[in-house]
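Below you'll find the structure, written out as structure tokens, and then a few comments.
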Amino acid sequence: KQWYQRRVRGIPTTKDEIASIYQEFYPTAEQQTKEALCELLSSKELRMRIAVCEEKIVGFALWYAHYSTFLGESCVVRHLDARCDDVKVGLLEEVRRDCKERGVTRCDVFLSEESQKVFLRTQGFVNISEKEQWDCFALKIT
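Read in order, the letters of the sequence shown are residues 29 to 170 in our numbering.
Have a look at this one:
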């Protein structure tokens, strides 16, 4: 496995590249969704990790910093998608490492698919909104 790292700050060529990766993983997404992603890229400092195997993209994680008055700085994982769980584990390790380097103490993920909820639980995430049914999973970074 080879990891390719790029920091994304809304540079037009990077937007196109990210949009093409998004297209590969979500081919039925509407143009409106792709445009919303490009807008998100230019409005927040996003971080991304791409998993590459045999020169083919097999997964990616996209996240950004978030600040809570009550809980301090955290990161919000916007997308976590991969061809298999082993790649997801590697991507989450990259997110954790990045959070540790920046002093972030919590990582939040919002998901609705049951298979992804089960995966997050196996990785130590806890559904902090189970009562409200918002599907917000959090991991304390230590």
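Ideal Cβ placement from N, Cα and C applies to all residues, glycine included.
- Each of Arg134, Cys135, Glu121 and Gln161 was checked against the Cα of Ala79, and the nearest Cα belongs to Glu121.
- When DSSP reads this structure, Ser96 sits in a beta bridge with Gly100.
- Annotation: Ala166 to Glu101 spans about 13 Å, alpha carbon to alpha carbon.
- It is roughly 19 Å from the alpha-carbon of Thr97 to the alpha-carbon of Glu73.
- DSSP places Phe165 within a strand segment (E or B) once states are collapsed to three.
- C-alpha of Glu52 to C-alpha of Cys112: approximately 15 Å in a straight line.
- For the pair Arg75 and Asp136, the CB atoms are not nearer than the 9 Å cut-off.
- For the 9 Å CB-CB criterion, Ala93 and Leu119 do not form a contact.
- A straight-line Cα-Cα distance of about 23 Å links Val115 and Val132.
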